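For the sequence shown, position 11 (counting from the first letter as 1) is numbered 90 according to my numbering, and the numbering increases by one without interruption.
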Amino acid sequence: MSWKLRGATVDDLDRIMDLETGTFGTDAWSHEAMRRDLINAQCHYLVAQRVGFPGEIDGYAGLFCPPGALQGDIQTIAVAESARRSGLGRTLMHALIGEARKRGANEVFLEVRADNPGAHHLYETLGFEDIAVRVAYYQPDGVDAIVMRLLIPEPRTRPAALREPRGPNALGPGTA
């Protein structure tokens with residue numbers, strides 16, 4: 080399967096909420112809380128649509144990271160059951176981490192339910208480390224949250240605008 084990622088809009092809210100409530104049940108965000116995040120310029124939400132099925136959303140993810148902030152927080156991520164274990168969660172996470180870096184963050188945080196070993200393992204493979212436990216964080220179930228942090232590495236290459244010019248026209252046309 081392949082997906083197209085795009086910025087989420089309020090027009091996606093009902094489909095996002097179907098996935099949210101189906102995935103998180105009693106821990107699901109409210110319709111209004113999700114709507115507020117979707118319209119908040121300090122947030123960056125993505126939806127994943129399977130190529131050839133533009134009306135369906137197989138996953139979504141959200142980041143809170145004001146431009147210029149040193150820290151970002153992954154607010155939520157959900158993947159439809161039919162798309163799990165396909166790499167979509169990893170793809171969404173990479174996109175959010177990239178957006179956090181673009182906005183200036185050097186670290187990203189998230190919380191994961193202690194009873195969700197699959198998600199915890201995914202985050203570990205992405206470089207996140209456990210840093211704390213929030214006891215009985217998820218209500219009404221009373222499940223602990225594991226707080227995780229990723230230190231965002233510096234890019235391996237410098238942006239083109241910062242690179243030294245190279246090649247025959249490095250000094251500009253007609254110069255020696």
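Virtual Cβ for every residue (Gly too), placed ideally from N, Cα, C. All values reported here derive from a predicted model rather than from experimental measurement.
Alpha carbon of residue i to alpha carbon of residue j, nearest angstrom
i	j	result
S161	G131	16 Å
V212	L189	11 Å
D116	C122	6 Å
I153	Q128	20 Å
A148	L205	21 Å
H110	I118	13 Å
F103	P146	29 Å
L229	A215	23 Å
Three-state secondary structure (DSSP) of residue i
i	result
R190	First, the amino acid is wrong: residue 190 is Glu here, not Arg. It is a strand residue.
V89	helix
E233	coil
I118	helix
I153	strand
D220	coil
D137	coil
R129	strand
L142	strand
M80	coil
A162	helix
F182	In the sequence as presented, Phe is not what sits at residue 182; that position holds Arg. If DSSP states are grouped into helix, strand and coil, R182 belongs with coil.
A174	helix
A107	coil
A215	strand
Burial state of residue i (16 or more Cβ within 10 Å)
i	result
D220	exposed
A120	exposed
G134	exposed
G101	exposed
T105	exposed
M80	exposed
A159	buried
D91	buried
W82	buried
V126	buried
Proximity below 8 Å, CB of residue i to CB of residue j
i	j	result
A184	C144	yes
I231	I176	yes
I136	R94	yes
G151	A179	yes
A193	E99	no
V191	I225	yes
Test: residue i CB closer than 8 Å to a CB of chain E
i	result
F207	The structure shown has no chain E; it contains just one protein chain.
Sufficient close CB pairs (3 or more, under 8 Å) joining the segment 122-142 to the segment 80-94: yes
Does the segment 164-180 touch the segment 194-210, meaning 3 or more C-beta pairs lie closer than 8 Å? yes
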